[in-house]
Every structure is written in C-alpha cells, then in structure tokens.
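What follows is a single structure, written as structure tokens, with notes after it.
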C-alpha cells in the first residue's frame, strides 16, 4: 500500500508544471555553480602560486642590513581551499596573506576586495543553492502534500479505504521527497562529471569522502525542509494558508535567525578587531623596547661609570664581561616579558572571539539552514575550523620567524640617562633557505563532524520534530 | 426465511462537535444487503455527519457504527474493507487519467494487479465514454466524474456503499444513468446508504426512506408505505414543523 501511495505521489509531481521547472533550475544551477566556482578556484590557485613564487624570491633576497634595520617583512599566503567550489564559507572573507615583521604580524587583504558589488547579495555556490533555492522548493513541494489533499477532498477518498493514516503520511512524504530528490541527484552527478571533465582533482586525499558527505548532508537538508513543509501542510486545511506560513518560516530560517544571531552576539559581546589587537601588540613591543633601552642605559652608566665610554676596546675588561652578562639578562627578561604579554593579548583575543562566535553560532543553530551552512563549510575546509587553523598557523609562524629570523639580528638600543641613545648591533648567522614555510594544518573530515556536533544535533532535531508533529497532527485530524 | 443481519448499522449513534452542535442525535439505523436506504434532510440535518461516522472520519460521541458487524471505531481498518464511498463532488486527481485514478483507488481498495482491460470494463459499465478512459480528469464534467466515482466503488466490490448526495448538480440524464447503476449494485446485493436532497429519486430507488432533522431520524417509510403517501408533502411538513430542541 505504501508503494502505491509513493508511486502516486511521484506520478502526481511528475505531471505537475512545478516538477520540470524545478528540474531545469536544479540541472542548470548546480553544475553551473560548480563550473564557475571551479574557474574561480583555478584562478585563485594560479594567483597563489605566483604570489608564493614572488614571496620566495623576496625571502631569498633578504639582506643582512635590512634585517638589522628591522625593515624585513615576510608574507605568508593561505592556499585556496579545494572544496571552496562547493562552499565558499570564509574563503573570500579571510585575509589571503599575513605580513610578518619584527613588530608582529598584520592581516593582508581578503579576496573579497576583488569581488563585484553583486557579491554583496551572496555568491552562488553549491551550498547557497541548496540553502536558499532548494530549501524553498522543498517547502513549496511540501506545501500541498497534505493540505492539497484535504482541500481537493482526495484525502477523504483515500481515508475511506482500509488504509492506516501513518502509511498515507509516510507514503506522501516519501513520494514527494523523491520527486524533489531525483532532479537533485541528476544535477549533482552532472556537476561531478563536469568537474572531472575539467580535470578537477576530485580523487585527491579524502576529497571523495568529503564530496559524498556534502551530497548526503544536502539530501538530508532537503528532507528537513520537506518535513517542515509537511508539518505545516498537515496543520493547514488550505494550501494558501500553508504557503503563507511556509514563506514566513523560510524567511525566518534563512534570513532572520542567522543574521539576528550575529547581531545579538555583536551587541551582547562586542570584541576588538584584528587590526586593533595587532596595534596593541605593536605598542606593547615598543613600550617594552623603550623600557629595556632605558634599563640598559642605566646599567651601562653603573658599570662603566660614565656615558662616554665606548665600552669594549681591543682588550676586554672586567666591566665588559659584567656588561655582557647584565645586557644578556635584561634582553632575555624583556624578550620573555614581551612574549608573555603578547601571548596574553593573543589568548585574551582568542577567548573573546571564541565566546562571541559561540554565542552567534548557538543562537543561529535554531535555524537548520545555519546548521547546514556551518557543517558544510567545515566539511569543505572553508568554515570555522579552517579559520581557527589559519589563526593558529599565523601565530605559530610568527613565533617561528621570530626565532629563526627577526631575533637573529639584535639591535640593542641603549637610552642613556642624559637622553642620548647608543645603538649596538649583534647578529647571528641567518640561513634564509632554512626559514620556516608558512603552512596551515588541514582539518580532517572526522574533525569537522566532531566539532560540528551541535550542527548535527540541530539538523537531527529539525528532521525528527517536524515529522513527529506532522504525524501527530495528521493522526488527530478530523475528516469532515 | 431467516432475518438478514444489517450490513450497515448505527446503534444509538450521537455526535456532538467541539462547538456544541449536536449533529447526530441517538440515531438507530440498519441496512440489509440488497437494500437501498435514502436519507433525506435539509442542510445541516446530520446526513453527511452520519456518513462520516460510518467511515470513522470523526469519532462518535456516543453509540456505535457497524459495518458487516465490525465496530467502526474499534477496528476501522477492518471495517473499511467492506465499504465503498462516493461523495457529492467526487474527489479525483485532476492530472491523472480516468484509468489512473481508477487504478490508484482500486489498489487502495485492495485490488492489486488488475489488467488495463479490467479497468476499461468497469468504466464501460458506468457508460463513461471510451475516449475519456485515458483523458485527464481535470477536463471531465461533473457527470463524468460521478461515473468515475461509482466505477471506483464498483471496482472495490465492497458489500456496503455509502453515497453522500451523489446526484447533486447532475443533469437529469446523468442522474438517471447514475440511479440505473445504483439499481445494478442493489441487485448485486450491496447495502446502500445514500444521503440526498432529491426526494423524487429517493422515492424511485429507495427501499426505505428516512428523514433527518436536527440530527434525529424523525421519519422512516418503506417503499410499500410510500406507494400510498406523498413523500414530498411529508418532507415539507417535517421541515416546516417546530424545532425539536429549544
């Protein structure tokens, strides 16, 4: 009996005008979106390679005097994410590179700087299509799944037979969803074939597993919206009422909740910008350097007795040995203090960002769309995890460069009590070829699922709750 | 001859809706196989509610409906195996052809794997035009839809048939054809309960005619009794009489 209802539901959808319309939209937009984003990805990779080549050349041409003068800065570039063709996530919002210098690191421009004004409305990627277009279509397909039968009276005709109501409900939802799912499968397969034809590296590493996860998550997402639509439909006696409620729900889930969550997080937990934090660190470094110079000046006068002594002559004196020891201790203490305070700033900022992010994320998870977008961005390596890994990589690289490059050339500034300054240079050998390369540790697929448990929970809730509600409503429905 | 058991039976049946309206008031009714029972009454008299109660579309407030001796409330799925239903506006899928509609409802009625020709035969029996068999139902006239509706009832081959104002809106020829088919079903031994406003046709086809007013069965006559009485006058008298409840 279930098969009969599923088949009827499929047939009914196939004969309707909305099915070919949806199939055309799906088959056009999904492969087109993947194709265009693949072109963008190829361009990004080309740009990245060229920038990396230029950065390597710049590193190779680093001169000792530049290091000593503190004029060296090194750029660390973020490679484009392979699956950004599916989910843009933070891809265009994150800085394409960071500039590392003796004063710390500063973010470079983001690729969204090159985007057209139209991208303000959101770029069409696969996730956008599923999230915005297919969710709405899913709801619209479900709008009359029960209400339509109530309105036309066919539900009375069906229920006059020896047919359990749950069979009718399950059959109708299954059939309706399959009518929605089949065009999507065709569109997805076409998109994958198109990527393979374009020599997209689809079988590299865990990419196949990620693509499969995307497909399954997208299917689940469509089912969720179909279930929500069915719930609304089973609670309405007219398709028109069902449609109005559906549109309100869609607007809330797609546009209101995700944006309001971010706004609420901004209001209840405002945080500093990255540039502000970089400036703060830079000021701190300068303040520590100034204090160190003054302390060195005081100690210099104490050891040598006057400011005019040039210190170390041809024959080292006991004062020279004492000065070396004191200088080493002061500089070492200053370095430690600076590192500790910078770490405190970084940690505090990291905490701020995490708290703000958690508030926004947890609020946004009230919407299945936000949960889906978050999960898919992480699966595609363009989400929150990627952003965090990028931040960590920048911090680690900054420290590594400090050890291997910036701290090798020491400029000791001695601020004498009289106000004069004395500049002393000391340098340790630098092997530019051995300088650390900027790399970002990739997040595994398992990590994405593990970290996004809340998104998965939200999706599970939105799958089960509407089905349960539709079931209860339909079982209790008095046919008149 | 042993007295036949009622195929359709309402036993002290009442239905009060949530808004307090008493739609059916202690109704007792029994329809035997091969009998046509016509239920007359004004709009809101409780005719459709009675049919809805027999189909377990709504639960009764008190009393019980039986189909082939099965309590409809207790075992609705078993009871509905033995009943077919045709409504005033036959509910069909407009984008499906007549045959596809028939096939779908036949399957729901438990008739699986019938050949296309078997569906055609049933549609021929109700005099549906041959060219309409594979036409989409949304192009059908009301008469054609009614014929298809009765085809669905025929193909299910249930021993009880419930008809909710089936001739409403039909032209005289279509209504006559419809009653002919009903006569055939009666001769096949089906127990038929038909709610209608059509007094003339009720007298013509009904073995018994009941008049409902404010949920109560206020009058019942057999075909024999009606040979000597004017049903129209009785009906109008009942409709004009004082309300039953304050």
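Residue numbers (the working numbering), protein chains in the order written: chain Y, 1 to 480; chain V, 1001 to 1246.
Backbone N, C-alpha and C fix where the C-beta goes; we use that ideal spot for every residue, glycine too.
Using a Cβ-Cβ cut-off of 9 Å, residue 1078/V counts as an interface residue toward chain Y, since at least one Cβ of chain Y sits closer than that to its own.
Judged by beta-carbon spacing, residue 477/Y lies within the 9 Å limit of residue 150/Y, meaning their Cβ atoms are closer than that value. Closest option to residue 327/Y, judged by alpha-carbon separation, among 426/Y, 363/Y, 399/Y and 418/Y: 426/Y. Taking 9 Å as the cut-off, the Cβ atoms of residue 375/Y and residue 175/Y do not count as close.
By the neighbour-count definition (other C-beta atoms within 10 Å, threshold 16), residue 131/Y is a buried residue. Looking at the backbone, the Cα of residue 353/Y and that of residue 306/Y are separated by about 50 Å. Cβ atoms of residue 1205/V and residue 1226/V stay farther apart than 8 Å, at about 12 Å. Within the stretch 181 to 242 of chain Y, the runs of alpha helix (DSSP H) at least 4 residues long that lie entirely inside it are, in chain order, 207 to 235. Under the three-pair Cβ rule at 8 Å, the stretch 251 to 259 of chain Y counts as touching the stretch 360 to 371 of chain Y. When DSSP states are grouped into helix, strand and coil, residue 1007/V belongs to the coil group. Here the alpha carbon of residue 1042/V sits roughly 8 Å from the alpha carbon of residue 1239/V.
Put simply, the CB of residue 384/Y is far from chain V, with every gap to its CB atoms at 9 Å or more.
In the pairwise beta carbon analysis, the stretch 457 to 474 of chain Y is classified as not touching the stretch 1004 to 1012 of chain V: fewer than three pairs are separated by under 8 Å. Pairing residue 1098/V with residue 1148/V gives a Cβ-Cβ distance under 9 Å.
Taken in chain order, the whole alpha helix (DSSP H) runs of length 4 or more contained in the stretch 344 to 396 of chain Y are 368 to 379. For residue 1091/V, at least one C-beta of chain Y is nearer than 9 Å to its own C-beta. Rounded to whole angstroms, the Cβ separation of residue 346/Y and residue 395/Y is 6 Å, and the two are in contact under 8 Å. Not a single unbroken stretch of the alpha helix (DSSP H) spanning 4 or more residues falls wholly within the stretch 414 to 443 of chain Y. The beta carbon of residue 1021/V does not come within 9 Å of any beta carbon belonging to chain Y, so the residue lies off that interface. By the neighbour-count criterion, in which 16 or more other beta carbons inside 10 Å mark a residue as buried, residue 453/Y falls on the exposed side.
Taking 8 Å as the cut-off between beta carbons, the residues of the stretch 1096 to 1121 of chain V near chain Y are 1096, 1100, 1104, 1105, 1107, 1108, 1109 and 1110, in sequence order.
Judged by DSSP secondary structure, residue 103/Y falls outside any beta strand (DSSP E); it is assigned neither H nor E.
For residue 1074/V, not one C-beta of chain Y is nearer than 9 Å to its own C-beta.
For the 9 Å CB-CB criterion, residue 318/Y and residue 389/Y do not form a contact. Judged by beta-carbon spacing, residue 432/Y lies within the 9 Å limit of residue 62/Y, meaning their Cβ atoms are closer than that value.
Considered as a whole, the stretch 245 to 308 of chain Y harbours 257 to 268 and 274 to 304 as its complete alpha helix (DSSP H) runs of no fewer than 4 residues, in chain order.
With 16 or more neighbouring CB atoms inside 10 Å of its own CB, residue 13/Y falls in the buried class.
By the Cβ-count criterion, residue 277/Y is buried, with 16 or more other Cβ atoms from all chains shown falling within 10 Å of its own Cβ. Taking the CA atoms as reference points, residue 1058/V sits about 31 Å from residue 1126/V. Residues of the stretch 1040 to 1072 of chain V that bring their beta carbon within less than 9 Å of a beta carbon in chain Y comprise 1048, 1049, 1052, 1055, 1056, 1057, 1058 and 1059, in sequence order. 1093/V is the residue among 1093/V, 1197/V, 1086/V and 1194/V whose C-alpha sits nearest the C-alpha of residue 1138/V. Think of a sphere of 7 Å around the beta carbon of residue 1190/V: no beta carbon from chain Y falls inside it, the nearest being about 15 Å out. Relative to the Cα of residue 1157/V, the nearest Cα in the group 1214/V, 1102/V and 1066/V belongs to 1102/V.
Around the beta carbon of residue 238/Y, a 10 Å sphere encloses fewer than 16 other beta carbons of the protein chains shown; the residue is thus reported as exposed.
Where residue 139/Y is concerned, the enclosing alpha helix (DSSP H) starts and stops at 135 to 143. Counting only the Cα atoms, residue 1064/V lies some 28 Å from residue 1199/V.
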